[in-house]
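When you line the sequence shown up against mature numbering (1 follows the signal peptide of the UniProt record, and there is no 0), it's residues -18 to -1, 1 to 120, in that order.
Note that the Cβ used here is the ideal one computed from N, Cα and C, for glycine as well.
In this text, all values refer to a predicted model and were calculated from it rather than measured experimentally.
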Amino acid sequence: MRRRALWLLCPLPLLALAACGGERVAIPPDDATPEEVVRAYTDALAAQDCETAEEIASVMSDTWCGDVEMGAATVRPHVRGGGAGNPAQRYPEVVTVPVSIVVEDGDASLPAGETEWGYLLVRSSESDPWRVASEGVG
């Protein structure tokens, strides 16, 4: 009887893990390009991996993770600058990374469907990793 009870309990951790959400997205290495950072960030948002999203956006106070359901994202080459009137302006290195995203379950501020968007990334020096500082450039 005891073995049978243990056998019945063994699947529970697996079921709990499966029910808790999507896959874990890797945090990009410190030398990742702005495009690689945004790809990891959008992948984390799509997977509802809020821990990774918050790490990549650690200079922001809040992320969309859990608020918006995203699908595919097309990341385009970054452009230097951005951040005027934004907390990002205090960083010496600032880039904007434009993306096309598919919002699967949006709201009034970000309706469902494909939209052009952008992320503002910052770092203090060339040896620091890029981090998302704003997710509303678009």
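- Per DSSP, reduced to three states, the secondary structure at residue 73 is coil, with no helix or strand assignment.
- Residue range 16 to 28 is occupied by the alpha helix (DSSP H) that includes residue 20.
- Under the three-state reduction of DSSP, residue 45 is assigned to coil, being neither helix nor strand.
- Short of 7 angstroms from the beta carbon of residue 56, and not among the five residues preceding or following it, lie these beta carbons of its own chain, in chain order: 81, 82.
- Beyond the five residues adjoining it in sequence on each side, residue 62 comes within less than 7 angstroms, by CB distance, of 77 in the same chain, given in chain order.
- Beta bridge pairing from DSSP links residue 113 with 104.
- A Cβ-Cβ distance of about 6 angstroms is found for the pair residue 39 and residue 113, placing them in contact under the 8 angstroms criterion.
- Residue 86 carries a strand assignment under DSSP once its states are collapsed to helix, strand and coil.
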